[in-house]
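See structure below.
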Amino acid sequence: MARRPSPQTAAVLHALATRGADWSHGYELCRALDLKAGTLYPILIRLAERGQVETTWESDPPRGRPARHLYRLTRAGAHLASDAVQRAAAPEPRRVRSVATEVPRIV
Amino acid sequence: MLVAIALVVLVVRLAGALRREGARSVARRMLNVWPDALARPVSPALLAVAVGSAALTAALEQLYLLALPEGARWGADIALLFVTLGVLVGVLGTLLVGLAGACVAHFRGFAAGGVAGVLLLAAIVGGTLVAHLPLRAAYAQSPGAFASVSHLEPAQLLIPFEVCLTILVCALPWPVLGAALGARRRAVPATTRDAWQRLLDLATAQLPVHRCSWGAALRAELAAIEPPAERRSFALGGARAALWSSPPRETVWWVLSLAVVVAAGTFAASRWSLAHGAGGILGFWVVVPGLLLAIVALVTAWRTRSFGSALQTTFLAGLASLVALLAVGIPEAVVWARPGGGYLTTGDAIPPSWQAAVLDLLRPEFLGGYVAVWTAMAAGGAAIGLAAKRPDRRPVAQISVS
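One line per chain: the protein sequences are A and B, in this order.
Letter by letter, the first sequence follows residues 85 to 191 in my numbering.
Letter by letter, the second sequence follows residues 2 to 403 in my numbering.
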């Protein structure tokens with residue numbers, strides 16, 4: 085059985101799931117989820133290395149600024165995100181509360 | 002060997018520069034590097050380093066001379082403790098000049114980094130010599146005025162400071178190697194907007210090759226953030242993520258292998274030495290795990306192209322080696338605590354009890370000595386591993402993130 089994602093990972097998955105096929109960048113996710121870069125990026129790296137997040141580089145950055153790295157869920161990541169939401173609805177007090185407190189902040 | 006590697010690095014760099022720019026341009030640049038380096042406001046800093054080194058050396062020398070006669074009363078080998086301290090200070094100085102060379106080279110190029118490292122080393126050695134030579138002259142003139150130590154030859158009283166100086170003089174290749182390592186990542190465009198961008202540049206410069214696009218991602222993201230407080234917060238978080246990234250996959254394998262090899266080696270060396278009356282196995286513990294850690298660092302740095310990953314893996318492997326050393330060493334020390342044996346470390350006397358035999362293994366001068374020598378060998382291995390591997394010249398966007 086797959087390991088249950090941490091509340092922060094579940095929040096990242098949910099935030100990316102709400103964006104659907106649109107790309108997000110790191111700072112935007114940091115602000116939306118109120119996470120530090122030191123917490124967000126290891127999660128993104130892990131999700132990307134497991135094939136749950138796909139990445140690309142900004143194709144047309146403004147002059148004088150390097151292209152940013154963009155992220156969105158793969159199909160496997162979308163499954164994981166929906167599992168995380170279903171688990172959030174399941175009656176397990178501590179986990180449900182953790183994810184449930186993150187989800188309204190994202191939406 | 003390090004001198005040879007540093008010379009090879011210099012020759013390769015020089016040949017590359019000659020090919021790219023021509024002999025005249027290279028000669029002009031070489032002449033300009035020294036006055037340029039000295040003209041910058043580094044002279045006060047170098048002077049401060051020299052004065053600081055002299056003050057530290059003088060203070061430690063006075064402390065050493067005051068503590069020597071009290072060693073027997075305290076139950077500590079002061080000379081050995083200071084030799085360990087001398088090794089540690091020498092290794093730290095070596096790492097410092099290498100790091101200085103790497104940092105300067107990262108922003109200003111190989112030549113500037115090499116010059117900065119050499120000047121820093123000269124300041125440290127110069128300051129140390131200014132404090133040490135008068136004491137040495139006084140000791141040579143009237144050795145009877147100084148305390149004597151039973152297990153040291155008369156001429157060896159000041160050996161802790163001479164060990165430190167020898168290590169520092171031998172550190173001459175390190176500024177060159179550090180500068181070569183620091184200049185390698187200049188292929189990644191370094192934006193120097195403010196201190197936070199510089200911090201993140203440095204923290205992400207040594208990510209392993211399969212993670213380096215994440216370093217570029219963090220740097221690009223920071224470049225797009227405007228509010229100073231947000232920039233600071235993002236840079237600190239990003240630096241933390243880069244420095245604490247998970248170690249390479251093969252780390253567990255290295256850690257377990259080293260623990261098994263050091264444990265088996267300790268047992269074999271102990272039993273062989275006891276059977277042949279060859280004395281303690283302190284030398285084995287200093288050299289063999291150090292060499293193994295150097296190999297681990299070399300291979301990891303070569304595979305990942307990352308000094309940080311090599312040190313991360315080597316740190317965990319070194320910790321496992323220390324645990325293995327103690328796990329086998331403690332029962333072996335009890336076996337040795339009988340007539341015909343002695344202390345497991347030095348084999349020079351019969352311990353009064355098995356507790357004394359075990360406590361001898363945990364003496365801080367021994368543990369500090371292992372850490373100092375192992376650290377130096379691991380850092381050397383990592384540097385050689387990186388120098389041996391050609392840098393990845395692909396654009397960051399082409400390097401896979403998975």
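No residue lacks a Cβ here, since even glycine has one placed at the ideal position from N, Cα and C.
Note that the structure is predicted; figures quoted are calculated from it, not measured.
Select from the options the residue whose C-alpha is nearest the C-alpha of residue i.
i, options, result
"A217 (chain B)", "B:P209, B:T205, B:P228", "B:T205"
"V359 (chain B)", "B:A373, B:R339, B:V84", "B:R339"
"P209 (chain B)", "B:A311, B:G76, B:P161, B:V170", "B:A311"
"L61 (chain B)", "B:I160, B:W303, B:C104", "B:I160"
"P353 (chain B)", "B:G343, B:F285, B:G382", "B:G343"
"W375 (chain B)", "B:P365, B:G309, B:V289", "B:V289"
"L275 (chain B)", "B:T346, B:G291, B:L293, B:I296", "B:T346"
"V261 (chain B)", "B:G382, B:L326, B:R241, B:A146", "B:L326"
"G291 (chain B)", "B:H133, B:G381, B:I226", "B:G381"
"A224 (chain B)", "A:L124, A:V96, A:L157, A:P145", "A:P145"
"L283 (chain B)", "B:G87, B:A59, B:Y371", "B:Y371"
"Q157 (chain B)", "B:A373, B:Y140, B:L173", "B:Y140"
"L203 (chain B)", "B:A59, B:A230, B:A240", "B:A240"
"V263 (chain B)", "B:S322, B:R220, B:L244", "B:S322"
"A243 (chain B)", "B:I226, B:S234, B:L219, B:E251", "B:L219"
"T58 (chain B)", "B:A106, B:A302, B:L166, B:W245", "B:L166"
"L293 (chain B)", "B:A350, B:W273, B:A377", "B:A377"
"G309 (chain B)", "B:I226, B:A334, B:F367, B:L182", "B:L182"
Look at the alpha carbon of residue i and the alpha carbon of residue j, and state the distance between them as a whole number of angstroms.
i, j, result
"I125 (chain B)", "G94 (chain B)", "8 Å"
"W197 (chain B)", "L122 (chain B)", "28 Å"
"V84 (chain B)", "H211 (chain B)", "41 Å"
"P144 (chain B)", "P70 (chain B)", "15 Å"
"Q92 (chain A)", "T305 (chain B)", "29 Å"
"L362 (chain B)", "W355 (chain B)", "11 Å"
"K103 (chain A)", "F316 (chain B)", "First, the amino acid is wrong: residue 103 (chain A) is Arg here, not Lys. The alpha-carbon atoms of R103 (chain A) and F316 (chain B) are separated by roughly 41 Å."
"R232 (chain B)", "R152 (chain A)", "15 Å"
"A328 (chain B)", "V287 (chain B)", "16 Å"
"T129 (chain B)", "Y65 (chain B)", "15 Å"
"A121 (chain A)", "L128 (chain A)", "10 Å"
"A136 (chain A)", "V253 (chain B)", "First, the residue type needs correcting, since residue 136 (chain A) is Gln and not Ala in the sequence shown. Straight-line Cα distance between these residues: approximately 25 Å."
"G23 (chain B)", "F111 (chain B)", "17 Å"
"I168 (chain B)", "I385 (chain B)", "18 Å"
"A180 (chain B)", "L299 (chain B)", "18 Å"
"V98 (chain B)", "A383 (chain B)", "16 Å"
"S90 (chain A)", "V164 (chain B)", "51 Å"
"V324 (chain B)", "T139 (chain A)", "41 Å"
"A148 (chain B)", "A80 (chain B)", "11 Å"
"S108 (chain A)", "I296 (chain B)", "42 Å"
"D167 (chain A)", "L97 (chain A)", "10 Å"
"H277 (chain B)", "A146 (chain B)", "42 Å"
"A138 (chain B)", "F268 (chain B)", "46 Å"
"R25 (chain B)", "R109 (chain B)", "21 Å"
"R171 (chain A)", "G87 (chain B)", "58 Å"
"L117 (chain A)", "A94 (chain A)", "11 Å"
Let me know if residue i comes out buried or exposed under the rule of 16 or more other beta-carbons within 10 Å of its beta-carbon.
i, result
"C213 (chain B)", "buried"
"R29 (chain B)", "exposed"
"A279 (chain B)", "exposed"
"G266 (chain B)", "buried"
"V256 (chain B)", "buried"
"W337 (chain B)", "buried"
"A318 (chain B)", "buried"
"D195 (chain B)", "exposed"
"A188 (chain B)", "Only weak support exists for where A188 (chain B) lies, its pLDDT of 47 falling under 50; the coordinates are left without a value."
"V116 (chain B)", "buried"
"P150 (chain A)", "buried"
"V150 (chain B)", "buried"
"C104 (chain B)", "buried"
"W215 (chain B)", "buried"
Are the CB atoms of residue i and residue j nearer to each other than 9 Å?
i, j, result
"V119 (chain B)", "P176 (chain B)", "yes"
"A105 (chain A)", "R134 (chain A)", "no"
"Q313 (chain B)", "P249 (chain B)", "yes"
"G330 (chain B)", "S271 (chain B)", "yes"
"G369 (chain B)", "G281 (chain B)", "no"
"L200 (chain B)", "A236 (chain B)", "yes"
"G148 (chain A)", "E222 (chain B)", "no"
"L131 (chain A)", "L113 (chain A)", "no"
"V131 (chain B)", "A55 (chain B)", "yes"
"L127 (chain B)", "A51 (chain B)", "Here the sequence assigns Gly to residue 127 (chain B), which means Leu is not the residue at that position. Yes, they are a contact pair."
"L387 (chain B)", "A334 (chain B)", "no"
**Report entry** Members of the region 231-248 of chain B near chain A, C-beta cut-off 9 Å
**Finding:** Answer in chain order: E231, S234, F235, A236, L237, G238, G239, A240, R241, A242, A243, W245, S246, S247.
Query raised in the report: Looking at chain B, which residues of the region 100-111 of chain A have a Cβ within less than 9 Å of any of its Cβ atoms?
Result: Here the close residues are H109, G110, Y111.
Query - Residues of the region 139-152 of chain A whose Cβ lies closer than 7 Å to any Cβ of chain B, in chain order - result: Taken in chain order, the members of the region 139-152 of chain A whose beta-carbon sits within less than 7 Å of a beta-carbon on chain B are T139, W141, R149, P150, A151, R152.
Query raised in the report: Name the residues in the region 118-131 of chain B whose C-beta lies less than 9 Å from a C-beta of chain A; which are they?
Result: Against chain A - using a Cβ distance shorter than 9 Å - the region 118-131 of chain B contributes no residues.
Requested in this report: Please list the residues of the region 207-219 of chain B that have a C-beta atom closer than 8 Å to any C-beta atom in chain A, keeping them in chain order.
Outcome: Taken in chain order, the members of the region 207-219 of chain B whose beta-carbon sits within less than 8 Å of a beta-carbon on chain A are R212, S214, W215, A217, A218, L219.
**Report entry** Near-chain A residues of the region 60-91 of chain B - C-beta to any C-beta below 9 Å
**Finding:** Residues passing the 9 Å Cβ filter: none.
Query - Near-chain A residues of the region 153-174 of chain B - C-beta to any C-beta below 7 Å - result: Those would be none; no residue qualifies.
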